[in-house]
Amino acid sequence: MAVRSYFYFCGILFFIAADFIFAFSWQRDSAYLNIRLNDDTTSQIQNEEQIVMNPKDTTNMVAVWRDFRLGYRQVAYAYTFDGGLTWEQALFEEPQYIWDSDPGLTVDTAGNFYAVILSFNSTSEPNGLFVYKSTDGGVSWSGPVTVINGVAGVFEDKELIACDRSGGPYTNNLYVAWTRFYTTQILLCRSTDGGNSFVGPVTVSDNTGVQWPVPAVGPNSELYVAWLDYSPGALKLDLSTDGGQTFGSDRVIQNVSFVQGYINGSITVFSFPAMDVDITGGPNNGNIYVAYMDYSSGYTDTDIYFTRSTDGGNTWSTKVRINDDPQNNGCDQFHPWLTITPDGDIVVVFLDRRLDPQNLLMDLYLTTSTDGGLTWSANERITTVSSDPTAGFRSLPRDISAEDQPLILAQRAGLIGEYIGVTASSLEDIHPIWTDTRLGDQDAFVGVKDTAAQYAEEYQRTHLESSVLSILPNPSSGNITIKIQGYDGHHPKTNHLRIFDISGRLIKTYSDVGSTVVWNRYTDDGEFARSGVYFCSLMVDGTVITRKFLLF
595 MAVRSYFYFC
605 GILFFIAADF
615 IFAFSWQRDS
625 AYLNIRLNDD
635 TTSQIQNEEQ
645 IVMNPKDTTN
655 MVAVWRDFRL
665 GYRQVAYAYT
675 FDGGLTWEQA
685 LFEEPQYIWD
695 SDPGLTVDTA
705 GNFYAVILSF
715 NSTSEPNGLF
725 VYKSTDGGVS
735 WSGPVTVING
745 VAGVFEDKEL
755 IACDRSGGPY
765 TNNLYVAWTR
775 FYTTQILLCR
785 STDGGNSFVG
795 PVTVSDNTGV
805 QWPVPAVGPN
815 SELYVAWLDY
825 SPGALKLDLS
835 TDGGQTFGSD
845 RVIQNVSFVQ
855 GYINGSITVF
865 SFPAMDVDIT
875 GGPNNGNIYV
885 AYMDYSSGYT
895 DTDIYFTRST
905 DGGNTWSTKV
915 RINDDPQNNG
925 CDQFHPWLTI
935 TPDGDIVVVF
945 LDRRLDPQNL
955 LMDLYLTTST
965 DGGLTWSANE
975 RITTVSSDPT
985 AGFRSLPRDI
995 SAEDQPLILA
1005 QRAGLIGEYI
1015 GVTASSLEDI
1025 HPIWTDTRLG
1035 DQDAFVGVKD
1045 TAAQYAEEYQ
1055 RTHLESSVLS
1065 ILPNPSSGNI
1075 TIKIQGYDGH
1085 HPKTNHLRIF
1095 DISGRLIKTY
1105 SDVGSTVVWN
1115 RYTDDGEFAR
1125 SGVYFCSLMV
1135 DGTVITRKFL
1145 LF
């Protein structure tokens, strides 16, 4: 059964039975609300997240992540129809085998979502890749449809899925790329019937010893697959111009010094290529963009680099370091993800340790480019609380032979997952998703732009003294009392009180109010106000003061 996920803001969370009691700080450390997606009450972990926006309705998004709430690895999904403020979430049904992992996600031109999942019993066969489809914004899912399954002597791994939304000859083709162990080659299957069936596989990489394929589609339906080559260390790319039926020769994107390894906290990291292609029809149409993690020559901490191709992957620009903390400061950046807005702007998110001199605690940061990757914005912190990646790692699922046999591990961080995600409709509507440990174990969190705070800041340029308007209690689980006081202790003669939701929608109006108003949470339309952020606006003779408050 799906359950609803609401806000978690900067503060302290206490559990009493199944209820939440919140303690809040209103200091604005980020322009983003940090919202927990998984709503389980276990101490198990969630990680390896992806998020995708519906191109037909940008308030509708779907997220997927790896979820251990049952004591062994599964894959969960969540969906929203209000721009990420509230979510419904549940677990996918097991496609065939006990354990599920490594979720990928995409959407077609009609707004149908597709999730790909690895399903297996152990680290050897049998195992397979399966795709689920949702035609109602993530509410329900059909499938699973087999991509590949039960091949003897191999282990299919590291799968991702892409959809052709270019308007080209192969529009709405689906492509699943993955690594086949133990030959470690990149393979690909395709679907030409909306995910009802898949054909293949075809071999993409010329060599073995490779991993981490990332597929993306260009403006003329050209299919690119990028991956990490272990020896010599390099990011490579191949291209198909016939809808994934055949591929050409591998091309080098960039050589890398760091291929795979561990950073402080025993976190496993890869120099994988986070890739997307501009299909907007704008001035950078067809550009290929790649962000990745690597060392700089002579330095010991990892950074995030960017490179681009303007000629279909034949040549690549000199790499540019896009995290703007001091170089060689001993603080790692890792797990980048990249997306392109419909306006052609580039968004890159990554995990970052610049705030911790011990190089352990991590935050999520964001940077953007509006000129095709030539220049980048100042890095912006998205998280309101730093995460300790070692949190919640005293007891983990066995994931070896039986569902109910726990594996007791030393407290460490090696399983925080290998990737995060981001989606965006514009630079004002960016939604990153990441692994967060502020509640004591790993959870899936999503970022939503705090439009209420921005709205309030506009009004505070002409605000009255802070004593004029007060809201009690704040936060509140029931009625709120709004008190209005004049400049010198008298009440304003003419005033209008309005209550807005976080999107700026007017939901309640009072005219010529007195010194006290009690709001019972019902709007002018007779609807009960749900949990979330609201703000109260008092207008007195053309002057405005705004107060922010929370309902839960």
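First residue of the sequence shown: 595, per my numbering; consecutive thereafter.
Even for Gly, the Cβ is constructed at its ideal location relative to N, Cα and C.
Every value quoted in this text rests on a predicted model; they were computed, and no experiment measured them.
Practice prompt. May I have the straight-line CA-CA distance separating TYR626 from LEU949, to the nearest angstrom?
Written response: Using only the alpha carbons, I get a separation of about 18 Å.
Worksheet item: In angstroms, rounded to a whole number, what distance separates the CA positions of TYR691 and GLY794?
Response: 22 Å
Worksheet entry | Sub-7 Å separation of GLY907 and LEU831 beta-carbons | yes
Practice prompt. Along the beta strand (DSSP E) that carries TYR959, what are the first and last residues, could you check?
Written response: Secondary structure note for TYR959: its beta strand (DSSP E) is the uninterrupted segment 957-963.
Item to complete: Determine whether the Cβ of THR962 lies closer than 7 Å to any Cβ atom of chain C.
Response: No chain C is present in this structure, which holds just one protein chain.
Item to complete: Determine the direct distance from the alpha carbon of VAL863 to that of ARG1006, and round the result to whole angstroms.
Response: Any reading at ARG1006 needs caution, since the residue's pLDDT is 38, under 50, leaving its predicted position unreliable; the model's value is listed next. Each residue's Cα considered, the two are about 14 Å apart.
Worksheet item: If you scan the segment 789-851 from start to end, which runs of the beta strand (DSSP E) of 3 or more residues do you find wholly inside it?
Response: 793-797, 804-811, 817-823, 828-834 and 845-849
Fill in: Unbroken beta strand (DSSP E) run spanning GLU682, endpoints
681-685
Fill in: Residues near HIS1090 in its chain [Cβ-Cβ closer than 6 Å; skip 5 each side]
SER1105 and MET1133
Discussion item. Using CA atoms only, rank isn't needed, just tell me which of ASN973, ALA657 and GLY803 is closest to LEU699.
Written reply: When only C-alpha atoms are compared, the closest one is ALA657.
Worksheet item: Using the C-alpha atoms, what's the distance from GLU1121 back to PRO1069?
Response: 20 Å
Item to complete: Under 8 Å by Cβ, that's how I've got VAL796 and ALA885 pegged, so tell me the actual separation to the nearest angstrom.
Response: Contact check for VAL796 and ALA885: beta-carbon distance about 27 Å, past the 8 Å limit, so the pair fails to qualify.
Worksheet entry | Spatial distance of VAL1016 from MET869 (CA atoms) | Approximately 12 Å between the Cα atoms of the pair.
Worksheet item: In three-state DSSP terms, what is THR1031?
Response: coil
Worksheet item: At what residue ranges does the segment 686-772 contain a whole run of the alpha helix (DSSP H), taking only runs of 4 or more?
Response: Fully enclosed alpha helix (DSSP H) runs of 4 or longer: not present.
Worksheet item: How is THR1045 classed by DSSP in three states: helix, strand or coil?
Response: helix
Fill in: Proximity of ARG902 and ASN881 at Cβ, strictly below 7 Å
Closer than 7 Å, so yes.
Worksheet item: In three-state DSSP terms, what is SER891?
Response: coil
Worksheet item: Is PHE662 near GLN638, with beta carbons less than 7 Å apart?
Response: yes
Worksheet entry | Candidates VAL979, ILE1024, PRO720 and VAL710, of which the one nearest GLY1034 by Cα | VAL979
Fill in: Close-in-space but distant-in-sequence residues of the same chain around PRO807 (CB under 6 Å, 5 per side omitted)
ALA771, ILE780, VAL819 and TRP821
Discussion item. Checking the sheet assignment: what are the DSSP bridge partners for HIS1025?
Written reply: Its beta-bridge partners are THR1017.
Worksheet item: Out of curiosity, what's the CA-to-CA distance linking LYS752 and ILE847?
Response: 20 Å
Worksheet item: Do THR786 and ASN767 have their CB atoms nearer than 7 Å?
Response: yes
Worksheet item: Among TYR893, THR1031, LEU932 and PRO936, which one has its Cα closest to the Cα of ASP957?
Response: THR1031
Discussion item. Between which residues of its own chain and THR589 is the CB-CB distance below 7 Å, once the five residues before and five after are set aside?
Written reply: Outside the displayed range of the chain (595 to 1146) lies residue 589, so it cannot be described from this structure.
Practice prompt. To the nearest angstrom, report how far apart ASN917 and ARG1115 are at their CA atoms.
Written response: 44 Å
Worksheet item: Under three-state DSSP, which class holds VAL914?
Response: VAL914: strand per DSSP, three-state reduction.
Worksheet item: From which residue to which residue does the beta strand (DSSP E) around GLY855 run?
Response: 854-857
Worksheet item: Which value, in whole angstroms, describes the spacing of the CA atoms of ALA828 and ASN953?
Response: 26 Å
Worksheet entry | Cutoff 6 Å; reference SER971; Cβ partners in own chain excluding five residues on either side | THR961 and THR962
Item to complete: Please report how far the alpha carbon of SER1109 lies from the alpha carbon of LEU1063, in whole angstroms.
Response: 10 Å
Discussion item. Taking the straight line between their C-alpha atoms, what separation do you get for ASP1037 and GLN1079?
Written reply: 43 Å
Practice prompt. Have a look at VAL701 and ARG915 and give me their C-alpha separation to the nearest angstrom.
Written response: Approximately 30 Å, taken between the alpha carbons.
Discussion item. So THR777 and THR802 are supposed to be a Cβ contact under 8 Å. How far apart are they, rounded?
Written reply: 5 Å
Discussion item. In the DSSP output, what is GLY1126 paired with across the bridge?
Written reply: DSSP lists LEU1145 as the beta-bridge partner residues of GLY1126.
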